[in-house]
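Chains as they are written, first to last, in this note's numbering: chain Y, 16 to 130; chain R, 16 to 130; chain E, 67 to 157; chain W, 67 to 157; chain Z, 16 to 153; chain C, 16 to 153.
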Amino acid sequence: MTALVVIDRAPYGDWRGREAVDMGFSLAAFDQPVSFLFTGPGVNWLRMGQDATELSQKNLARQLGAAAIFGVEALLVDHKALAAYQLSVDTLSSPAQPVTVSPGLYGQYDHILCL
Amino acid sequence: MTALVVIDRAPYGDWRGREAVDMGFSLAAFDQPVSFLFTGPGVNWLRMGQDATELSQKNLARQLGAAAIFGVEALLVDHKALAAYQLSVDTLSSPAQPVTVSPGLYGQYDHILCL
Amino acid sequence: MPSLHIVNKAPDHARFQTCLAAVADEDTLLLTENAVLAAVMAQGLPGTVFALSADLEARGLAPADIMANIGRIDFAGFVSLTEATSRIISW
Amino acid sequence: MPSLHIVNKAPDHARFQTCLAAVADEDTLLLTENAVLAAVMAQGLPGTVFALSADLEARGLAPADIMANIGRIDFAGFVSLTEATSRIISW
Amino acid sequence: MPKTTALSFTLIITGAPYVSQAPQTALEFARAVIAAGHRIDRVFLYGDAVHLASTLACAPSDEPQWTQIWSEFLETHRVPAIVCIASALRRGVLDEKEQKRYQRPAHNLEPPFEIAGLGEWVEGTVSSDRTLYFHPTD
Amino acid sequence: MPKTTALSFTLIITGAPYVSQAPQTALEFARAVIAAGHRIDRVFLYGDAVHLASTLACAPSDEPQWTQIWSEFLETHRVPAIVCIASALRRGVLDEKEQKRYQRPAHNLEPPFEIAGLGEWVEGTVSSDRTLYFHPTD
Numbered sequence: 016m017t018a019l020v021v022i023d024r025a026p027y028g029d030w031r032g033r034e035a036v037d038m039g040f041s042l043a044a045f046d047q048p049v050s051f052l053f054t055g056p057g058v059n060w061l062r063m064g065q066d067a068t069e070l071s072q073k074n075l076a077r078q079l080g081a082a083a084i085f086g087v088e089a090l091l092v093d094h095k096a097l098a099a100y101q102l103s104v105d106t107l108s109s110p111a112q113p114v115t116v117s118p119g120l121y122g123q124y125d126h127i128l129c130l
Numbered sequence: 016m017t018a019l020v021v022i023d024r025a026p027y028g029d030w031r032g033r034e035a036v037d038m039g040f041s042l043a044a045f046d047q048p049v050s051f052l053f054t055g056p057g058v059n060w061l062r063m064g065q066d067a068t069e070l071s072q073k074n075l076a077r078q079l080g081a082a083a084i085f086g087v088e089a090l091l092v093d094h095k096a097l098a099a100y101q102l103s104v105d106t107l108s109s110p111a112q113p114v115t116v117s118p119g120l121y122g123q124y125d126h127i128l129c130l
Numbered sequence: 067m068p069s070l071h072i073v074n075k076a077p078d079h080a081r082f083q084t085c086l087a088a089v090a091d092e093d094t095l096l097l098t099e100n101a102v103l104a105a106v107m108a109q110g111l112p113g114t115v116f117a118l119s120a121d122l123e124a125r126g127l128a129p130a131d132i133m134a135n136i137g138r139i140d141f142a143g144f145v146s147l148t149e150a151t152s153r154i155i156s157w
Numbered sequence: 067m068p069s070l071h072i073v074n075k076a077p078d079h080a081r082f083q084t085c086l087a088a089v090a091d092e093d094t095l096l097l098t099e100n101a102v103l104a105a106v107m108a109q110g111l112p113g114t115v116f117a118l119s120a121d122l123e124a125r126g127l128a129p130a131d132i133m134a135n136i137g138r139i140d141f142a143g144f145v146s147l148t149e150a151t152s153r154i155i156s157w
Numbered sequence: 016m017p018k019t020t021a022l023s024f025t026l027i028i029t030g031a032p033y034v035s036q037a038p039q040t041a042l043e044f045a046r047a048v049i050a051a052g053h054r055i056d057r058v059f060l061y062g063d064a065v066h067l068a069s070t071l072a073c074a075p076s077d078e079p080q081w082t083q084i085w086s087e088f089l090e091t092h093r094v095p096a097i098v099c100i101a102s103a104l105r106r107g108v109l110d111e112k113e114q115k116r117y118q119r120p121a122h123n124l125e126p127p128f129e130i131a132g133l134g135e136w137v138e139g140t141v142s143s144d145r146t147l148y149f150h151p152t153d
Numbered sequence: 016m017p018k019t020t021a022l023s024f025t026l027i028i029t030g031a032p033y034v035s036q037a038p039q040t041a042l043e044f045a046r047a048v049i050a051a052g053h054r055i056d057r058v059f060l061y062g063d064a065v066h067l068a069s070t071l072a073c074a075p076s077d078e079p080q081w082t083q084i085w086s087e088f089l090e091t092h093r094v095p096a097i098v099c100i101a102s103a104l105r106r107g108v109l110d111e112k113e114q115k116r117y118q119r120p121a122h123n124l125e126p127p128f129e130i131a132g133l134g135e136w137v138e139g140t141v142s143s144d145r146t147l148y149f150h151p152t153d
């Protein structure tokens, strides 16, 4: 089983993306192949320079930085959404692979999770 | 104080619109002048022929029918949203007044509530 | 393997578009809850499209109101769709 | 009387557009929570626009990243905006 | 029509009752799964859906009591139902063990719901023939 | 800078903690209101925000305990905080009185939060100089 976790929500404002990341990390921890796809405002998870001290929240970019340790296979990022939010693939907080979102992309995974 | 309750969410799928209606009715019950504005998928609150028996929910069009009894001043409906959802002002479940949504419309009310 | 896409968001929800962008021609799209409102809209929907009858009825959408190419199914039909494929995506 | 509009939804949320359609030229628009992401986008925003600094910082949006016509304010500034008008709309 | 092979399902609910339709849609689907001769391996409550397992929810008498209705369904069909521990603790849904551990004045988990970790969800998605999610609409 | 006249505020929270930012944003705003010399007439919890008043919520030790933090703020500044009864009952947030009325095994309302009806909200919006809502982002 190969899984894709889709994060299409902005970080910090709600807990849905965070709970999706927890699910993805759990799959990886149980040795299931899993990748993440960031799209829409979800690409902001990968923005550098996050500091949520004033919100009394954890740094989500740092949380995502543990992806490799858990054994997450790849972080994919929608290149159109990157452009919409003035982000460039060279300056992200974690190494991510730009992709074009299409039915074919989703078709490569057995299990797709979009919380 | 004149109040406007904005309903921009579809009926039945979530409780937010219902809770906004409860607030509007409470204002009216305490003799505060209040109107409702339906926009976006919220215009479907006014569609005829609703039957939520299979969902084990109450009929929301009927709930809205109590607006006049509570003393709600007017039901306003965004005419563009009506058209998008193939609705016509002549065939709504409660009498509503078609309006063009603009800053000037909101400017007529002291208190605007959008849950 | 074709996918079954299940979407429950209203047509103006950002997730609804994310869903549409993932549906291949050979896929099946099932509209549930608030998404059944898309069955009356002019926007074309990709794939083979069904809408859940309990949700259509709640929202007052009669068979005559919905686009001709959209099938009405009940929960037994919903289960049948899930028998046909293991690639099921809930948007 | 001018209005203070407070929006906390991401720019792709349907409510964000509902909010923009309600803002008059003389109104003030305050971006909070997920809405601060609009401060880096090309889309023009109506009214006099501010963004809450705590939410900008959490999301890594430095002063150099945000549009020149958007002011950064803290919670004391937020309170000041609410002193100026009693017509406050939370979207 | 000849019946195809019986399948096993894992159902995950992520939307709360009286906030979203998710628990109702999931229940109708679950009933249809059993009526079609299939099996439900387990139900997993995640995120806001953990409130479905609260024994303290009191809907008005003319509305469905979703906690009781789900609980009866699970008992009747002997379906295990897991409430995600991380979601539940933050949202104030506790069993007796967590009540003691966190020294709280009460517990509020309706049986037969049980508290466990995401490992139960991973096991479900790996071992069941079909996995379906029931999300809120917002 | 000369201070303008002191104003009174009613704050309504509609988003839950650990689901939305609403309780955190509302608290920072409330602190700034008091720092600016204004008054908070009351705080009203509506919809999912009623979970903020649950004495059973147990966040991990490295995360803010929003129920306790809000409760201390309300006590310190003697701000009345009302939990909407209709929202609370459906979502399983009960005081001792409602526990008895609905014959439930426990109650879970954190003081100083109190349960009351929408009339309290109407009174707040009518009598306060300013009314602000803190919604969830979805």
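C-beta: ideal position from N, C-alpha, C; glycine also.
Neighbouring residues, chain C, relative to residue i (Cβ below 9 Å)
| i | result |
| --- | --- |
| Gln47(R) | Val137, Thr140, Val141 |
Residue-chain proximity (residue i, chain Z), Cβ-Cβ < 8 Å
| i | result |
| --- | --- |
| Val65(C) | no |
| Trp60(R) | no |
| Val145(E) | yes |
CB of residue i within 8 Å of CB of residue j, strictly
| i | j | result |
| --- | --- | --- |
| Ile127(Y) | Ile155(E) | yes |
| Gly86(R) | Ala25(R) | no |
| Arg93(C) | Tyr33(Z) | no |
| Ala87(E) | Gly28(R) | no |
| Ala64(Z) | Thr29(Z) | yes |
| Gln112(R) | Leu91(R) | yes |
| Arg8(R) | Ser108(R) | Residue 8(R) cannot be examined here, being either before or after the span of chain R that is shown, 16 to 130. |
| Leu97(E) | Leu127(E) | no |
Any chain E beta carbon closer than 8 Å to residue i
| i | result |
| --- | --- |
| Thr54(Y) | yes |
| Ile22(Y) | no |
| Gly122(Y) | yes |
Own chain residues within Cβ distance below 6 Å of residue i, not counting five before or after
| i | result |
| --- | --- |
| Leu70(E) | Thr94, Leu147, Thr151, Ile154 |
| Asn74(R) | Gln65, Ala67 |
| Asp125(Y) | Met16, Thr17 |
| Leu97(R) | Val58 |
| Glu125(C) | Ala68, Thr70, Thr82, Ser86 |
| Pro48(Y) | Thr17, Glu88 |
| Thr40(Z) | Phe149 |
| Ile84(Z) | none |
| Cys129(Y) | Val21 |
9 Å Cβ cut-off: residues of chain W touching residue i
| i | result |
| --- | --- |
| Gln72(Y) | Ala124 |
Heavy atom of the ligand HEM within 7 Å of residue i beta-carbon
| i | result |
| --- | --- |
| Thr68(Y) | Among the ligands in the structure shown, none appear at all, so the ligand HEM cannot be discussed. |
C-beta neighbour in chain R for residue i, strict 8 Å
| i | result |
| --- | --- |
| Glu92(E) | no |
| Glu99(E) | yes |
Any C-beta of chain Y under 8 Å from that of residue i
| i | result |
| --- | --- |
| Thr152(Z) | no |
| Thr146(Z) | yes |
Minimum Cβ-Cβ distance from residue i to chain C less than 8 Å
| i | result |
| --- | --- |
| Pro17(Z) | Note that Pro17(Z) has pLDDT 44, beneath the 50 cutoff, so the model's placement of it is unreliable and no number is given. |
| Ile139(W) | no |
| Ser69(W) | no |
Cβ-based neighbour list, residue i, same chain, cut-off 7 Å, excluding 5 preceding and 5 following
| i | result |
| --- | --- |
| Glu92(W) | Pro68 |
| Gly62(Z) | Thr29, Ser102 |
Proximal residues of chain Y, C-beta to C-beta of residue i below 9 Å
| i | result |
| --- | --- |
| Thr84(E) | Val21, Asp23, Thr54, Gly55, Val116, Cys129 |
Chain-ordered neighbours of residue i on chain E, where CB pairs are closer than 9 Å
| i | result |
| --- | --- |
| Asp78(W) | Ala80, Gln83 |
Residues near residue i by beta carbon distance below 8 Å, same chain, minus five either side
| i | result |
| --- | --- |
| Gly132(C) | Cys99, Ile100, Ala101 |
| Phe44(Z) | Leu26, Leu147, Phe149 |
| Gly113(E) | His71, Val89, Ala90, Asp91, Glu92, Asp93, Thr94, Leu95 |
| Glu129(Z) | Pro95, Ala96, Ile97, Val98, Asp110 |
Test: residue i CB closer than 8 Å to a CB of chain W
| i | result |
| --- | --- |
| Val48(C) | yes |
| Gln78(Y) | no |
| Asp37(R) | no |
Proximal chain E residues relative to residue i, where beta-carbon distance stays under 7 Å
| i | result |
| --- | --- |
| Ala67(R) | Ala124 |
Interface residues of chain C facing residue i [CB-CB closer than 8 Å]
| i | result |
| --- | --- |
| Pro38(Z) | Near Pro38(Z) there are no residues of chain C at all, since even the closest Cβ is about 12 Å away, more than 8 Å. |
Cross-chain neighbours of residue i in chain R, by beta carbon under 9 Å
| i | result |
| --- | --- |
| Asn74(E) | Gly28 |
Within chain Z, partners of residue i - CB distance below 7 Å
| i | result |
| --- | --- |
| Trp63(Y) | Trp is not the amino acid found at residue 63(Y); the sequence shown has Met there. Within chain Z, no residue comes near Met63(Y); the closest Cβ sits about 28 Å away, beyond 7 Å. |
Contacts that residue i makes with chain R (C-beta to C-beta distance below 8 Å)
| i | result |
| --- | --- |
| Ser76(Z) | Here the premise fails: no neighbours, minimum Cβ distance about 13 Å. |
| Thr25(C) | Correct list: empty, because the minimum Cβ distance to chain R is about 11 Å. |
Pair every Cβ in the region 22-32 of chain Z with every Cβ in the region 76-93 of chain E, then say whether three or more of these pairs are closer than 8 Å.
no
contact_flag[the region 119-127 of chain W, the region 99-107 of chain W] where n(CB pairs < 8 Å) is 3 or more:
yes
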